[in-house]
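Chains as they are written, first to last, in the numbering used here: chain A, 49 to 297; chain B, 225 to 451; chain C, 893 to 1560. Remarks on the structure that follows.
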Amino acid sequence: MKLTLKIWRQKNAKEQGKLVDYIVDHISPDMSFLEMLDVLNESLVEKGEEPIAFDHDCREGICGMCSLYINGRPHGPQTGVTTCQLHMRSFKDGDTIYIEPWRAAAFPIIKDLVVDRSAFDRIIQAGGYISVNTGAAQDANAIPIPKPDADKAFAAATCIGCGACVAACKNASAMLFVSAKVSQLALLPQGKVEAKDRVLNMVKQMDEEGFGNCTNTGACAVECPKEISLDNIARMNREYLKATINNDK
Amino acid sequence: MSNSAFIKTSLARKYWMAASGLFLIIFLTQHFTINFLSVISPDAFNTASHFMGTNPIVQFILQPILLAGVLFHFIMGFVLEIQNRKARPHKYAYNSPAANSSWMSRNMIITGVMILLFLALHFYDFWIHEINVKYIQGDMSGLNNSGNYRYYEELVAKFVDPIRVAIYVLSFVFLALHLLHGFQSAFQSLGARHPKYTPVIVKLGNLFAVFIPLGFIVIALYHHFGH
Amino acid sequence: MSKLNSKIPAGPLDKKWSDYKSHVKLVNPANKRSLDIIVVGSGLAGSSAAASLAELGYSVKVFCFQDSPRRAHSIAAQGGINAAKNYKNDGDSVYRLFYDTIKGGDYRAREANVYRLAEVSANIIDQCVAQGVPFAREYGGLLDNRSFGGTQVQRTFYAAGQTGQQLLLGAYSALSKEIAKGNVQMYSRHEMMDVVIVDGKARGIIARNLVTGQIERHAAHAVLLCSGGYGNVFFLSTNAMGSNVSAAWKAYKRGAFFGNPCFTQIHPTCIPVSGDHQSKLTLMSESLRNDGRIWVPKKIEDAIAIREGKKTGNDIPEEDRDYYLERRYPAFGNLVPRDVASRAAKERCDAGFGVNATGQAVFLDFAYNLKYKYGKTEATKKGILNPTEQQLYELGKEVVKEKYGNLFDMYMQITGENPYEVPMKIYPAVHYTMGGLWVDYNLMTTVPGLYALGEANFSDHGANRLGASALMQGLADGYFVIPYTIGDYLADEIRTGKISANLPEFELAEKEVKETITRFIHNKGTKPVDYFHKRLGKVMWDKCGMARNEKGLKEAIEEIKQIREDFWKDVRIPGSYTEFNPELDKAGRVADFLELGELMCIDALHRNESCGGHFREEYQTEDGEALRDDKNFAYVAAWEYKGPDQAPQLHKEELVYENIKLVQRSYK
Ligand SMILES: Cc1cc2nc3c(=O)[nH]c(=O)nc-3n(C[C@H](O)[C@H](O)[C@H](O)COP(=O)(O)OP(=O)(O)OC[C@H]3O[C@@H](n4cnc5c(N)ncnc54)[C@H](O)[C@@H]3O)c2cc1C
Ligand code: HEM
Ligand code: HEM
Ligand code: SF4
Ligand code: F3S
Ligand code: FES
């Protein structure tokens, strides 16, 4: 396959970036999208040019490191997969492919296609945990948890923190990510103890990071590679409402 | 903390947005009912209008609340829009939002502004006139020169001009678009989501969003063509 | 020859750890505040250690090269985590877990460590559940278990196919809690470039900020390396792209001994290499071998026809298929341990029966069980008396989908083939490294104050790791071992005072790091880093992979030297060192792999026996099984660095088995 790539190049956070055209040839449909970029990068290095910086690590859809806004959609044209799982057979010979970084005020660009997602870490630090110290736990089977709750908590917990929800959302809102964590912990008895403070603090941090407001467009859930459901956003809305109304602080 | 959490955070903004939106939906239902009377029975319409126009509870309690609601809703709409634009200062060069979300959901501000423009005209048409007659001229009788209720004929008079009717009809289309997303969105904002009930809410919302504006269109066209 | 002191406490096996805990030196809370600990790595081992130490009151700094600690490679573990909980009432116990692990490791692990691991395993599950890790549950609301290879009990706790993810997110949340409290300072996108040794003790690290290129000095009273495994020395492996040996390698070069470097685990069921462009290999969970039958054609012409695309697996009639595992190991069949299954696949492919274009793949076929196991059962349940083949297929497919749907989807995504219709093609791939920095019972390397945890140490898994045990070990080390054992060392450090990062040793180490980086950037080469990495990987895979022999290993050592020379002459790194430059990061890692590869070959060459993952072709039984030599090789080989271009020195830690009798493994 021969493809035209229009890739966002930006030296660093401060400098202006622009789309640059590249032609890649002899691309096998069995290649993954990132392997296609590897091929391009090798040829750039051989020419003495700077390779395209992009984030990736596990390349099997679980670490959440890869990103890329491909032809107007986070993680490319397929749903339920990350960029690293996308294969070139999803494209046709002669296609033009736009590749851009996640764009959000809260995710500043570091270089080319690499953005800084540390805002997510700070949101988790604001309350995305259960305060239990090592060694303080009781027997794991002491609290039975209804299977449906456990399954829902698990489904929410599969979020890989990739940020595609923010990238997809027209408002660059982080609601899906935050609500996934709030939901996971709110569904489990262990997490209920701190539920109120958790949701208040995490939302506060989310706002401080400069994410937009959710207007329920639902793009996040469609594009989420782990298919995190909008149920979680609704659950967080409930949790938050409860916490604000019924709060003695 | 709980106070500021209830006012200043993104989630609080959503609650109020949803609450005001739902409130406007209720108003719309009421407003539609009364106005639809004009199609069925001019007398009933006149009676209802007079009651609404002169009842002190409606006039001095409900009306200010409604106006505040409208005001709040669209101001908050703008606030959200401005914040959301700030959250993505650099737009994508190539974007395919249609792949993951509906046009309605993405363009609430456009449909909202169209409704707002309509409201400006509409207020000029009806509300300013009412205020003028009732509170500036001080005529609370609701009667015209010939001693009948004036409401029906004033209403009919407004729908003579085809341009105004066209604007009205177009606005109602925008209202429909606004509601197609807004109705169910308000429930989601308040956290009311359930595997059994949500599909019902969505259906109900779609019916409401189509039929209420359609009803308004019928009223407008009826009075334009019907006399 | 310097003596290796493993510091195993005296006393009976089952009392060692509790006695140790009651007598180990403690540091009082006020003093902990003024003791600094550096943790390199935020995987299961690193995050759990950092969180637990911070809770105790130490001042902790954590480093990882990813953009968030949550992305460490532990996130990718699929299958599950073992624990001797005996919730199933099927006769599990601490002893049994201990025994299975020693045996699975082909009797090359240290008894005391493995016993301790089995002892704390139950606490891990408690801890994780308390953190909100959503393990799979039964309808009664209690935890569910599954079984894994090499055991006869159900002791594996799991969270669908994402156990590693859930455990790591649990540890990450504990870490986040301590970061929020200010007890941990987190340095993401930072790479450790060197350890700094002052007066024989580890006193800090040199790190590079990967975003700005800034070289930083960080001083501490102790340094914990939790930097994961080095499977990427093979270029292609199931490891993440960034997984590397550099942190451990730098420690090795500063005096920490490297234990059993040649012990590598090759996982039998991975998606085969499809072409030169391939950047990594994807694991297909071990659980698939429960229902998938492994085969190749009996006739070589069929194999050739399949390779040329003239036939598919479905065209080969039943009688012309060679279910070679069932044939060779009737007792265990498709469920033999990983090392055995991997070698058998290689044997068939080497004999010319491979089934994909490269000739390096075997079939993993679900058709039989899909139709006749699940399809039939379902048909019976539904009261269908004489189901057609099509009906059986439809019914069975639903069951298989429920069990393995996500794996099948993953397979389809990568290969473009539908495993419900055609047999999967699989091939072994590098997966885990049992070798690593040698540590004593305290998890301390041979450098005082320098510890190694998780996959980075030479580990409790001997010559072969059982499934679901790496997660257990990483968390045991971090949550339950290091918080105690580190006190033994730090109790004597309370009067040391703050370590200064301005000491000449830091200056020197920083200078050396900068020199290497400058050398890369100014190198007038022509080839990208990956070019050399791929060459190294090929040599390692061909000559130090699933099967090794003296001749090959000797050649490999020479070839690696050559590649290393070419690398330094001809590698080209664009850009500068004062910016985000992933190519530069990669270069540093590959430079270390190029040295490690040689040590692995040296180790493999010296170990004149076959055991676990280490298979020397010269040492096999008549029917091709691994032949151990307990008389001469029941030891840990710990290698000491002697300087550039010097042969490393071998130290032996004899393995004393007081509780277990050494026997030959058999799966026939
Ligand atoms: C695909 C796959 C599936 C697996 N499935 C299972 C399973 O089901 N059950 C099981 O028990 N085991 C499984 N394993 C093995 C297990 O996942 C690993 O052995 C274990 O998670 C290793 O944890 P760790 O904490 O030692 O290292 P890692 O999780 O690899 O963490 C390494 C950390 O070190 C950091 N680091 C490395 N080098 C540097 C440096 N130079 N500077 C700074 N930071 C550095 C990294 O950023 C990272 O944070 C699997 C492994 C793979 C690859
Ligand atoms: C009678 C008229 C109106 C009705 C019935 C109405 C109703 C609604 C409803 C129900 C919502 C959904 C709230 C939510 O999702 O939480 C909404 C959202 C919105 N409305 Fe209106 N609205 C009206 C007029 C307006 C006007 C005049 C504007 C002016 C700009 C406006 C702008 C918006 C915007 C921007 C949103 C999206 C915000 C969000 O979903 O959070 N609306 N509206
Ligand atoms: C054909 C359709 C409509 C007709 C005939 C109509 C008629 C009227 C009349 C007669 C009044 C004056 C009532 C009074 O002040 O006492 C009025 C007021 C008003 N109308 Fe409408 N209307 C129509 C559609 C709409 C729509 C679609 C909206 C909202 C989007 C709307 C919003 C309002 C508002 C906010 C007022 C002011 C209410 C008050 O202060 O009492 N109208 N309308
Ligand atoms: S919610 Fe989905 S899209 Fe958002 S960070 Fe998590 S996995 Fe990524
Ligand atoms: S796309 Fe955005 S608007 Fe809300 S529903 Fe998702 S966060
Ligand atoms: S690289 Fe890990 S999810 Fe894509």
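We put the beta carbon where it would ideally sit given N, CA and C, even for glycine.
Interface residue (Cβ-Cβ distance to chain C less than 9 Å): Leu92 (chain A) is classified as such.
The continuous alpha helix (DSSP H) containing Met338 (chain B) extends over residues 332-346. By the rule of a C-beta closer than 6 Å to any heavy atom of ligand 4, the residues picked out are A:Cys207, A:Ile208, A:Gly209, A:Cys210, A:Gly211, A:Ala212, A:Cys213, A:Leu224, A:Phe225, A:Ala228, A:Cys272, A:Pro273, A:Lys274, A:Ile276.
Membership of Thr1156 (chain C) in the beta strand (DSSP E) is indicated by the continuous run 1156-1162. If one requires a minimum length of 3 residues, the beta strand (DSSP E) runs lying completely within the region 1259-1334 of chain C are 1316-1325, in chain order. With a minimum length of 3 residues, there is no unbroken run of beta strand (DSSP E) contained wholly in the region 1115-1152 of chain C.
If you draw a straight line from the Cα of Ala344 (chain B) to the Cα of Leu295 (chain B), it is about 12 Å long. For the options C:Ile1198, C:Thr1161, C:Val1137, the alpha carbon positioned closest to that of Arg1185 (chain C) is the one of C:Thr1161. For Ala416 (chain B), the nearest CB of chain A lies under 9 Å from its own CB, placing it at the interface with that chain. Counting C-beta pairs closer than 8 Å gives three or more between the region 279-292 of chain A and the region 222-229 of chain A, which meets the contact rule. Only those residues of the region 1353-1384 of chain C whose C-beta falls short of 8 Å from the nearest C-beta of chain A are listed: Tyr1371, Phe1372, Pro1375.
With its beta carbon at least 9 Å from every one in chain B, Thr130 (chain A) lies outside the interface.
Taking Gly1251 (chain C) as the centre and dropping the five residues before and after it, the same chain places the C-beta of Arg1199, Cys1241 closer than 7 Å to its C-beta, in chain order.
Out of C:Gly1328, C:Tyr1064, C:Ala1111, C:Tyr1527, the CA that lies nearest to the CA of Tyr1122 (chain C) is found in C:Gly1328. As the crow flies, the alpha-carbon of Glu63 (chain A) is around 22 Å from that of Ala220 (chain A). Within the same chain, Ile994 come within 6 Å of Ile1552 (chain C) by CB-CB distance, once the 5 residues on both sides are set aside.
Not one heavy atom of ligand 6 lies closer than 8 Å to the C-beta of Thr292 (chain A). In this chain, the beta strand (DSSP E) harbouring Tyr1527 (chain C) covers 1527-1532.
At least one C-beta of chain C is nearer than 9 Å to the C-beta of Arg137 (chain A). Under DSSP, the beta-bridge partners assigned to Lys1419 (chain C) are C:Val1463. Residue-level contact by beta carbon fails for Ser166 (chain A) and chain B, as no gap is shorter than 9 Å.
Runs of the beta strand (DSSP E) spanning 3 or more residues and lying entirely within the region 103-144 of chain A do not occur at all. The DSSP assignment places no complete beta strand (DSSP E) segment of no fewer than 3 residues inside the region 1484-1512 of chain C. For ligand 1, no non-hydrogen atom lies closer than 8 Å to the CB of Ile929 (chain C). Around the beta-carbon of Val1254 (chain C), 16 or more other beta-carbon atoms lie within 10 Å, marking it buried. Judged by DSSP in its simplified three-state form, Tyr446 (chain B) adopts helix.
In the structure shown, Met79 (chain A) adopts coil according to DSSP, grouped into three states.
With its beta carbon at least 9 Å from every one in chain B, Ser231 (chain A) lies outside the interface. Sequence-ordered contacts of the region 193-214 of chain A with chain B are nonexistent [C-beta pairs closer than 7 Å]. Between Leu1519 (chain C) and Ala1529 (chain C), the gap from beta carbon to beta carbon reaches 9 Å or more. About 7 Å separates the Cβ atoms of His447 (chain B) and Leu379 (chain B), confirming a contact at the 8 Å cut-off.
If you draw a straight line from the Cα of Cys1503 (chain C) to the Cα of Lys420 (chain B), it comes to about 59 Å. Of all residues in the region 239-262 of chain B, only Tyr239 place a beta-carbon less than 7 Å from a beta-carbon of chain A. Under DSSP, Glu1546 (chain C) shares a beta bridge with C:Tyr1527. Each residue's CA atom was taken as its position, placing Lys240 (chain A) and Ala943 (chain C) some 22 Å apart.
A distance criterion of 8 Å places the beta-carbon of Gln287 (chain B) in contact range of ligand 3, judged by its closest non-hydrogen atom.
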